[in-house]
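Residue numbers (the working numbering): 4 to 638.
C-beta atoms are modelled at their ideal positions from N, C-alpha and C, and glycine is treated no differently.
The structure appears below as structure tokens.
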């Protein structure tokens with residue numbers, strides 16, 4: 004075993020508190036983060052959206068998503084029955100918005116619509132719901148079968164009334180586990196019927212969200228949650244979220260890369276009230292991004308109204324709306340962003356130059372603060388010299404934080420990539436943030452300190468931009484990068500003026516893998532769980548740590564010290580031994596190690612915990628060659 008390196012840790016020299024907001028996350032409706040991710044909804048295209056004409060990331064036309072098949076059935080569904088059953092996508096009649104699936108049947112004919120690839124668990128209860136109407140009363144039935152339609156797992160008849168929309172609910176379970184079930188809605192003719200909305204949820208859902216994924220977020224810890232984006236804000240209208248979830252119209256994404264797996268559509272499973280409830284359950288501080296799309300749904304008045312809905316008393320206009328919806332106490336949302344990435348052409352109608360955006364900030368900020376003077380506002384940064392300098396110089400008086408986004412390209416999943424990315428997190432990102440800090444301070448109004456909101460960052464894998472061409476992969480390389488970055492945040496936040504940070508994003512894009520029936524923390528998620536030890540603790544300096552990636556913190560009560568150590572891997576595959584030297588008074592110590600033998604994508608770290616020997620304040624431990632460690636010391 005090589006000679007251990009000795010570093011000195013003095014808990015009595017503890018400094019500022021490590022803010023939990025350095026460990027925040029984004030919850031943006033992108034790719035499979037909501038659909039087939041956090042959302043518990045099992046049915047695709049449940050509100051029967053048709054063709055969606057979207058735009059590419061630079062505003063150029065992109066192929067339409069969600070086409071209607073030649074026989075008139077919308078994407079995600081297929082027709083059941085012979086030629087005597089006729090289908091059409093109706094764009095003038097709808098239960099949620101103005102779209103529905105129209106089915107016409109001749110006398111004596113049965114048929115309808117169906118959907119495959121539905122994963123159901125043995126003996127688990129599921130809640131089905133359908134909103135439909137018909138030109139005359141008709142009989143219908145729900146059938147749950149295997150993929151071939153031969154074995155019937157569950158079946159129930161129901162009636163559709165003539166005239167206005169009617170709702171039918173049914174709870175069922177099946178006697179086997181099948182990840183490729185088929186759901187059929189069968190009608191009996193003669194009739195013309197419109198199916199407006201369907202829903203299939205596991206009965207144990209949390210406000211329409213998957214309970215297992217919500218609990219993994221709790222396990223990992225999410226002290227701050229930014230929502231609804233991100234690029235998704237381009238098309239988001241918060242008032243639509245006040246409708247009952249089944250009446251909320253489909254959100255059709257203008258950017259083709261945002262929601263490729265759901266035909267460029269989001270079915271608005273989570274609105275402002277559900278989001279706040281999720282934050283309360285996670286003990287997360289909500290961080291809302293206002294839409295700044297001045298042509299239609301992103302006006303100054305709209306942003307101010309959203310602040311009032313969240314923070315106004317029941318005597319105010321929008322506060323009374325919230326109160327009447329069962330939430331009399333204000334939500335007290337303190338953190339708000341004025342738009343997202345408006346420097347880029349991918350934001351389409353919201354896109355502007357820096358001078359125009361600075362004027363928008365000057366318009367939005369006073370209106371939002373007039374409603375609630377206590378809110379803290381984040382303005383859009385890059386970081387980049389020209390844009391950031393103009394925004395800070397011309398509008399710095401109006402905001403508290405400037406946002407910055409950083410995505411590092413992985414290039415591969417080899418051992419060299421692990422070493423390169425851990426170094427990039429500790430060196431390249433640090434240098435970039437230092438330059439950003441200088442730029443902000445140089446241009447800030449006299450006497451004004453502007454904090455930095457590092458509110459989007461991740462490794463930019465190829466599947467982000469081309470999800471159909473590349474498979475989603477997260478492995479030890481991602482975990483090493485994240486551990487080195489979090490160690491950096493903890494060590495340097497005070498000198499950098501780093502106020503908050505938020506990973507983009509945890510669900511199915513970084514920290515949590517979600518499959519049809521399973522979910523688990525990826526190496527990124529395992530690292531976030533490990534670093535919970537530093538939340539709200541006091542930073543402790545470490546002496547003689549040059550060349551090591553270490554961070555130490557002490558509990559406010561002074562009875563515990565935590566040290567995180569990240570390997571950047573020298574390539575020899577040898578664990579590194581480090582000795583911590585503390586003053587006397589150490590009672591006991593243990594180490595939790597996250598380690599991997601290879602950098603294979605989609606693999607996770609192995610976790611190992613062991614007690615450590617304490618001798619005259621000295622504690623020796625190993626940093627895994629490919630991984631990281633957390634030493635907990637009781638004083």
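Let me make sure I understand the geometry here. Which of the options has the alpha-carbon closest to that of residue i?
i: residue 271; options: 245, 289, 285, 281; result: 245
i: residue 19; options: 542, 363, 408; result: 542
i: residue 379; options: 362, 315, 404, 489; result: 404
i: residue 182; options: 589, 45, 416, 144; result: 45
i: residue 423; options: 450, 249, 487; result: 487
i: residue 192; options: 240, 156, 139, 237; result: 139
i: residue 329; options: 359, 301, 277; result: 277
i: residue 514; options: 469, 84, 531, 505; result: 531
i: residue 53; options: 267, 27, 555, 110; result: 267
i: residue 94; options: 312, 126, 55, 602; result: 55
i: residue 172; options: 188, 165, 179; result: 188
i: residue 558; options: 575, 322, 540; result: 540
i: residue 440; options: 200, 500, 108; result: 500
i: residue 406; options: 572, 41, 229, 483; result: 229
If you follow the alpha helix (DSSP H) that residue i is part of, which residue opens it and which one closes it?
i: residue 309; result: 303 to 314
i: residue 324; result: 320 to 327
i: residue 531; result: 526 to 533
i: residue 467; result: 465 to 468
i: residue 453; result: Here residue 453 belongs to no alpha helix (DSSP H), and DSSP marks it neither H nor E.
i: residue 223; result: 214 to 223
i: residue 537; result: Careful: residue 537 lies outside any alpha helix (DSSP H) and carries neither H nor E.
i: residue 154; result: No alpha helix (DSSP H) holds residue 154; DSSP gives it neither H nor E.
i: residue 279; result: 275 to 285
i: residue 20; result: First-last for residue 20: undefined, no H or E at that position.
i: residue 438; result: 432 to 446
Report the three-state DSSP secondary structure of residue i (helix, strand or coil).
i: residue 83; result: strand
i: residue 396; result: helix
i: residue 490; result: helix
i: residue 355; result: coil
i: residue 45; result: coil
i: residue 124; result: coil
i: residue 598; result: strand
i: residue 159; result: strand
i: residue 33; result: coil
i: residue 560; result: coil
i: residue 590; result: coil
i: residue 502; result: strand
i: residue 202; result: strand
i: residue 261; result: coil
i: residue 585; result: coil
i: residue 610; result: strand
i: residue 230; result: strand
i: residue 92; result: strand
i: residue 15; result: helix
Could you give the residue range of the beta strand (DSSP E) that holds residue i?
i: residue 142; result: 141 to 148
i: residue 187; result: 181 to 191
i: residue 520; result: Here residue 520 belongs to no beta strand (DSSP E), and DSSP marks it neither H nor E.
i: residue 343; result: Element bounds for residue 343: n/a, residue is neither H nor E.
i: residue 29; result: 27 to 29
i: residue 130; result: 129 to 137
i: residue 410; result: 404 to 411
i: residue 106; result: 103 to 108
i: residue 385; result: Neither: residue 385 is in no beta strand (DSSP E) and is coded neither H nor E.
What residues in its chain sit with their C-beta under 6 Å from that of residue i, if we drop five residues either side in the sequence?
i: residue 411; result: 427, 462
i: residue 33; result: 261
i: residue 446; result: 392, 395, 396
i: residue 625; result: 578, 580
i: residue 595; result: 612, 633
i: residue 31; result: 232, 233, 235, 508
i: residue 301; result: 294, 295
Nearest chain C C-beta to residue i closer than 7 Å, yes or no?
i: residue 571; result: Given the protein chain composition of this structure (a single chain), no chain C is represented.
Skipping 5 residues on each side, what residues in its chain have a beta carbon closer than 7 Å to that of residue i?
i: residue 433; result: 491, 495
i: residue 96; result: 103, 197
Our contact map puts residue i next to residue j with C-beta atoms below 8 Å; I'd like the distance itself, whole angstroms only.
i: residue 552; j: residue 480; result: Not confirmed; about 16 Å, so no contact.
i: residue 413; j: residue 464; result: 6 Å
i: residue 556; j: residue 147; result: In fact, because the Cβ distance is near 52 Å, the residues do not count as touching under 8 Å.
i: residue 281; j: residue 210; result: 7 Å
i: residue 629; j: residue 570; result: 6 Å
i: residue 227; j: residue 290; result: 6 Å
Tell me which residues share the same chain as residue i and place their Cβ nearer than 8 Å to its Cβ, disregarding the 5 neighbours each side in the sequence.
i: residue 402; result: 341, 364, 368, 380, 381, 382, 453
i: residue 264; result: 34, 35, 38, 39, 470
i: residue 10; result: 545, 546, 547, 548, 551, 553, 581, 582, 583, 584
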